[in-house]
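Visitor: First the structure, then my questions, so here it is.
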Amino acid sequence: MSTPTGEHDNKLSDKLLSVPAHQLYAMNSAHSSDSSLQRIKNQPGYNTPVFKGKEEQRALVENEVADKGFIPRELVSNEVNWFYTNLGIDDTYFANESREVIADHIIALFGAKILAYTKHDPSKLVIDLEKIDENGNGATFIYTSPPGLTTTEGPGSTCESRIDELFLNHSTPENAYRLETFRSTGSISATASQQLRCYFVTKCNFPKKAPTLAPGEKTDIRAVSDSAFLDRATKNTLDIYQEVMRNVERREGPVIEVFEVEGTRERRLVIGYKMGGTSSFFSALSNLYHFYSLYSARKYVEQFSNGVTIISLYLNPLPNSNAPPIENSIFQVMKEASLLSVFLTTRGNAVQEATYAYCGWIFAQHFCNRLGPAYLQLKNILNENDPTHAEVLNDIKRRFREETFTRESIAQVIHAHPDLIRMLPTLSYQRLQTVQPLTDAELYDKIRRTVPNKQDLQVLESFLIFNKHVLKTNFYQPTKVALSFRLAPDFLPEVEYPKKPFGMFIVIGNEFRGFHIRFRDVARGGIRLVMSRNKENYSINQRMLFDENYNLASTQSLKNKDIPEGGAKGTILPSLGANPRLCFEKYVDTPGIKEPLVDLYGHPELLFFGPDEGTADMMDWAALHARERGAETWWKSFTTGKSAETLGGVPHDAYGMTSLSIRQYVLGIYKQLGLREKDITKVQTGGPDGDLGSNEILLSSDKTVAVIDGSGVLADPVGLDRAELIRLAKLRKPVGFFDTSKLSKDGYLVKVEDQDVKLPSGEVVLDGTDFRNGAHLRPEAVNISNMAALVDADGKPHFKYIVEGANLFLTQQARLHLEKRKVILFKDSSTNKGGVTSSSLEVLAGLALSTQEYLNLMIFKDGKPSPFYQSYVKDIQAKITENAAAEFHCIWKEHTRLSGTKTRTAISDELSQTLNNLQAELEASDLFGDVSSRHGVMRRAIPKTLVDKVGLETLLKRLPEAYQRALFSSWVASHFIYKYGVNGSSVDFFHFARDLASTA
33 MSTPTGEHDN
43 KLSDKLLSVP
53 AHQLYAMNSA
63 HSSDSSLQRI
73 KNQPGYNTPV
83 FKGKEEQRAL
93 VENEVADKGF
103 IPRELVSNEV
113 NWFYTNLGID
123 DTYFANESRE
133 VIADHIIALF
143 GAKILAYTKH
153 DPSKLVIDLE
163 KIDENGNGAT
173 FIYTSPPGLT
183 TTEGPGSTCE
193 SRIDELFLNH
203 STPENAYRLE
213 TFRSTGSISA
223 TASQQLRCYF
233 VTKCNFPKKA
243 PTLAPGEKTD
253 IRAVSDSAFL
263 DRATKNTLDI
273 YQEVMRNVER
283 REGPVIEVFE
293 VEGTRERRLV
303 IGYKMGGTSS
313 FFSALSNLYH
323 FYSLYSARKY
333 VEQFSNGVTI
343 ISLYLNPLPN
353 SNAPPIENSI
363 FQVMKEASLL
373 SVFLTTRGNA
383 VQEATYAYCG
393 WIFAQHFCNR
403 LGPAYLQLKN
413 ILNENDPTHA
423 EVLNDIKRRF
433 REETFTRESI
443 AQVIHAHPDL
453 IRMLPTLSYQ
463 RLQTVQPLTD
473 AELYDKIRRT
483 VPNKQDLQVL
493 ESFLIFNKHV
503 LKTNFYQPTK
513 VALSFRLAPD
523 FLPEVEYPKK
533 PFGMFIVIGN
543 EFRGFHIRFR
553 DVARGGIRLV
563 MSRNKENYSI
573 NQRMLFDENY
583 NLASTQSLKN
593 KDIPEGGAKG
603 TILPSLGANP
613 RLCFEKYVDT
623 PGIKEPLVDL
633 YGHPELLFFG
643 PDEGTADMMD
653 WAALHARERG
663 AETWWKSFTT
673 GKSAETLGGV
683 PHDAYGMTSL
693 SIRQYVLGIY
703 KQLGLREKDI
713 TKVQTGGPDG
723 DLGSNEILLS
733 SDKTVAVIDG
743 SGVLADPVGL
753 DRAELIRLAK
763 LRKPVGFFDT
773 SKLSKDGYLV
783 KVEDQDVKLP
793 SGEVVLDGTD
803 FRNGAHLRPE
813 AVNISNMAAL
823 VDADGKPHFK
833 YIVEGANLFL
843 TQQARLHLEK
853 RKVILFKDSS
863 TNKGGVTSSS
873 LEVLAGLALS
883 TQEYLNLMIF
893 KDGKPSPFYQ
903 SYVKDIQAKI
913 TENAAAEFHC
923 IWKEHTRLSG
933 TKTRTAISDE
943 LSQTLNNLQA
953 ELEASDLFGD
963 VSSRHGVMRR
973 AIPKTLVDKV
983 GLETLLKRLP
993 EAYQRALFSS
1003 WVASHFIYKY
1013 GVNGSSVDFF
1023 HFARDLASTA
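Using our numbering, you'd call the opening residue of the sequence shown number 33 and step up by one each time.
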């Protein structure tokens, strides 16, 4: 397909795997019949226009040609008659063109005949004409076209790609063009067998008033059609297109239908999709069916004002060729057309083969083992527990990953060995092949003997690893919008990824790539859009995408220690210039909902998604899309972060969910150390315009001396005016809107756009953005290299207490370094868990309530929440407070017991890991099978509001068993560990478990 703006990964497959078509004709017998084809009567799909003024025009054209003098007068009549009659050009051409243009075309054809004669070769007779309307109303293209040549061959090689680029790629309902193209029935002259192909592009003329639809009502095709299309289309075509349109409206991927025309070998292929969902699709389709020895007699591209595009192709087998049965070819075109809609133009190649190579290329970029023995030796020498050594190891690991296998070097290996790549199995038995595929051992042996270079060998081995570990894929799913591979994570090297994920997906689209990782069967986490500022930044993001996803999911699993869902995370990297929203929609549609055609995993699984950077406003769409796709029972829980009023979500910011958890650590420190909050001075990163920042301002009563946010730096050593901070917090305005008249003589506000600002101390700030950036506003901003900024010259830290509110704000090494200097520090995976707890209980409500109950109880009425909703929110807040306070006291007690010999950071990690391990053991145990214990735990684990409304027995019938086990195990594990600590004994657990049933 066309190159995404900026980076273009897909060029690789345009150069790969030029497979002779005859090698691909054999196919699995289970798919070789055309029993799935719908038969239609042998009648035209479009009404052939009859141009009533044709004879009158012919006479005028004949005079025009004669007057121009290029053709001898005695030959003019014969040339004009051949053009009008023998060629068999559709009347659309004569009705659309002026006599002057037709005369020019006849003269051009005569000149081409003369040129071919001088070359003594009729095959050199070439016509290549085009006329583009200067007002943008359309165009006409005419060129000679022997049947079967792809659009990369012959005189019209650029015609269809030009039509795509000029008219079809950027179609919107406001700027849409329809296309009709016909092959002439007669040859171009008595001595040359070539035919003419004519393309007519016209701007659509839609009804001025768009139809208004009631909920659930389907679009009437006649209300959204171009007037010329309605004049031309037969009832049969309207009926076919109506059904295709309805399917397109409820799907994200293409809709593909094939019809057998009675009494002929012709097949009609109809493809519908949403405008903007793909590009260069029309020209790519031509390459595809030509590759499988088919040619088209006529083709149509119809656009509709509701944003649907429908392409109709009339396909025939090539005459006098060794082509396979048309049923086989059509079946293959159907399968590969869906790949084309997802990906790219594979010029002259088998689409499946080239797409597979492209996917393997991306896999190799992320998963070629890049560290090797040198890194392992260095790792054994250095002490990972030493913060400085650990930072050095991290830097070396990052450098190895960036430089060992580049995207370019991997592509070079693939280009150098196309025959080996082609031999690799494309993920299942469904490919076309004529020879028995080799086993993994035979393939490895052949690769090893063929490729002496170790680095090349490792790249090719990665394809084998990819094939071996695919558990699910939609590679052969005809309605996909991107490719998804569910991988067994066994191949991940332990030295790089010490904690093995439970499951992982790689999602590959035309304009993005993405991952989804989860550490337990029942798991939840946000989907993050990783945006790139420029080409260099995009390249860095590509290299680090999986590692970032892994680290985020791993951190999430530590945070999710006391809820049923384990840690999960998703990342999406759009290409430069790609539409982030479209990338998200394709990502969600691909692994989350559709049933794969290949499934070696064999177990049902649900993916729960949530908001993260760049996707907060997309959760409503994802939930509604899940419902539209038939997920009637679980769409309510498919995403969290949904709109409260319309979809029953529980917004974290409105109810201070994240702040409630963090606040327990702040209050815990005050209580344990006998501090008064009003005596504490505080520096806050994250301003009053954000969730955490605004709620912290509203909840606290300390002396805040500085607030840093995206708008700048606000500081006052005597304390910022509390009333003014509260005003901004309620308005959700950044510190740039602070009333500077409320500052003392030593206070200041430096905005990011300021330059050459003199502070009360006399210091001059040259650049406001640089000044703000020094305040550590990005993930892992505080690290071992810039630690000096947080301590005095004598090593005394600037801050006594640090409670992390953002994820990955400090590196692990920085935390350990600060704690060595007696800073009381609580890390993100312990403090920042209020939001995930709230989201978990939002999921529970969606799973527990029927659709009607959910609509009645969770959706706002007249903009107001129901009493049930309000009570449920209070239950969530209480649960957050309870869990956060319990974990704080557990960490504090353990640190005190060990007399400070173990850092709170290490205790927090150990606590999370112990909880997760115990939960996994409990899920696998038979304790859940004890009914009285199960009921006792569930009555306490499920919020009282929900139990009272629905009833425990009903809840236990509705909740999936896997979810119930996770909920039961998480509650038991967390309450036991928080009570007895990480060193709780077996005897302690015996006493704890004995009392579970008594709570029933």
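Note that the Cβ used here is the ideal one computed from N, Cα and C, for glycine as well.
Within 10 angstroms of the Cβ of Ala648, are there 16 or more other Cβ atoms? Answer buried if so, exposed if not.
Guide: Under this definition Ala648 is an exposed residue.
Visitor: Which partner residues does Thr234 have in the DSSP bridge list?
Guide: DSSP lists Gly170, Arg210 as partners of Thr234.
Visitor: Between the region 386-396 and the region 435-455, do at least 3 Cβ pairs fall closer than 8 Å?
Guide: Enough Cβ pairs lie closer than 8 Å, so yes.
Visitor: Mind pulling the beta strand (DSSP E) runs of 3 or more residues that sit fully within the region 573-618?
Guide: Here the runs fully enclosed are 598-606.
Visitor: Give the list of continuous beta strand (DSSP E) stretches no shorter than 3 residues that lie fully inside the region 490-531.
Guide: If we require 3 residues or more, the beta strand (DSSP E) runs fully inside the region 490-531 come out as 502-505, 515-519.
Visitor: Mind checking which residues open and close the alpha helix (DSSP H) that includes Phe1022?
Guide: Where Phe1022 is concerned, the enclosing alpha helix (DSSP H) stretches over 1018-1026.
Visitor: With DSSP run on the structure shown, which of helix, strand or coil describes Gly558?
Guide: Strand at Gly558.
Visitor: Could you tell me which residues DSSP puts in a beta bridge with Val796?
Guide: Answer by DSSP bridge pairing, in chain order: Lys790.
Visitor: Provide the residue span of the alpha helix (DSSP H) that contains Phe313, from first to last.
Guide: Counting along the chain, the alpha helix (DSSP H) containing Phe313 begins and ends at 313-323.
Visitor: Using DSSP with H/G/I as helix, E/B as strand and the rest coil, what is Asn348?
Guide: Note: Asn348 maps to strand in three-state DSSP.
Visitor: Taking all protein chains shown into account, do 16 or more other C-beta atoms lie within 10 angstroms of the C-beta of Ile362, making it buried, or fewer, making it exposed?
Guide: Result: buried.
Visitor: Answer yes or no: do Gly806 and Val789 have a C-beta to C-beta separation smaller than 9 Å?
Guide: No, the pair does not count as a contact, with Cβ atoms beyond the cut-off.
Visitor: Report the rounded CA-to-CA distance for Gly673 versus Pro683, giving the unit in angstroms.
Guide: So the two alpha carbons sit approximately 6 Å from each other.
Visitor: State the start and end residues of the unbroken beta strand (DSSP E) segment that holds Val737.
Guide: Residues 735-741.
Visitor: Measuring alpha carbon to alpha carbon, tell me which of Met576, Asp123, Leu245, Gly339 ends up nearest Cys230.
Guide: The shortest Cα separation from Cys230 among Met576, Asp123, Leu245, Gly339 belongs to Asp123.
Visitor: The beta strand (DSSP E) that contains His548, what's its start and end?
Guide: Counting along the chain, the beta strand (DSSP E) containing His548 begins and ends at 544-550.
Visitor: Could you tell me whether the Cβ atoms of Glu645 and Arg560 are closer together than 9 Å?
Guide: Taking 9 Å as the Cβ cut-off, Glu645 and Arg560 qualify as a contacting pair.
Visitor: In terms of residue numbering, what span does the beta strand (DSSP E) encompassing Leu1036 cover?
Guide: The structure shown has nothing for residue 1036, since the chain only spans 33 to 1032.
Visitor: Between Glu926 and the rest of its own chain, which residues show a CB-CB distance below 7 Å, the 5 nearest in sequence each way excluded?
Guide: Answer for Glu926: Ile939, Gly1013, Val1014, listed in chain order.
Visitor: How would you label Phe214, buried or exposed, when you count the other beta carbons within 10 angstroms and need 16 or more for buried?
Guide: Buried: at least 16 other Cβ atoms inside 10 Å.
Visitor: Just list the residues that DSSP pairs Arg330 with in beta bridges.
Guide: According to DSSP, which records beta bridges pairwise, Arg330 is partnered with Phe214, Tyr346.
Visitor: May I have the straight-line CA-CA distance separating Ala658 from Thr671, to the nearest angstrom?
Guide: C-alpha separation (whole angstroms): 9 Å.
Visitor: Rounding to the nearest angstrom, what Cα-Cα distance links Ser872 and Pro596 in this structure?
Guide: One C-alpha to the other measures close to 8 Å.
Visitor: For a quick check, are the C-beta atoms of Arg545 and Gly598 less than 9 Å apart?
Guide: No; because the gap between Cβ atoms is not below 9 Å, this pair is not in contact.
Visitor: Mapping DSSP to helix, strand and coil, what is Ala260?
Guide: Correct three-state label for Ala260: helix.
Visitor: Out of Thr269, Lys981, Leu410, Pro992, which one is the CA nearest neighbour of Gly77?
Guide: The shortest C-alpha separation from Gly77 is found at Thr269.
Visitor: Output the distance between the C-alpha atoms of Leu211 and Thr296, rounded to the nearest integer angstrom.
Guide: Straight-line Cα distance between these residues: approximately 25 Å.
Visitor: Classify Val750 as buried or exposed, calling it buried when 16 or more other Cβ atoms lie within 10 Å of its own Cβ.
Guide: Label assigned to Val750: exposed.
Visitor: What are the residues that DSSP puts in a beta bridge with Arg229?
Guide: According to DSSP, which records beta bridges pairwise, Arg229 is partnered with Tyr175, Arg215.
Visitor: On the DSSP bridge list, what partners appear for Asp771?
Guide: Answer is none; Asp771 lacks a bridge partner.
Visitor: Note down, in chain order, each residue of its chain lying with its Cβ closer than 6 Å to the Cβ of Asp66, except the 5 sequence neighbours on either side.
Guide: Because Asp66 sits at a pLDDT of 36, beneath the cut-off of 50, its placement in the model cannot be relied upon, and the following sentence gives the value as read from the coordinates. Excluding residues within five positions, the ones whose Cβ falls inside 6 Å are Glu359.
Visitor: Report the option in Met576, Gly688, Tyr619, Arg661 whose CA atom is closest to the CA atom of Thr438.
Guide: Out of Met576, Gly688, Tyr619, Arg661, Met576 has the C-alpha closest to the C-alpha of Thr438.
Visitor: Measuring straight from C-alpha to C-alpha, what distance separates Gly1016 and Asp786?
Guide: When rounded, the distance between both Cα atoms is 56 Å.
Visitor: Could you give the C-beta distance for Lys735 and Ile701, rounded to a whole number, given that I count them as a contact under 8 Å?
Guide: About 16 Å separates the two Cβ atoms, so there is no contact after all.
Visitor: Alpha helix (DSSP H) containing Phe670: first to last residue?
Guide: Run containing Phe670: 667-670, per the alpha helix (DSSP H) assignment.
Visitor: Taking the Cβ atom as the reference point for each residue, do Thr690 and Asn864 lie within a distance shorter than 9 Å?
Guide: Yes.
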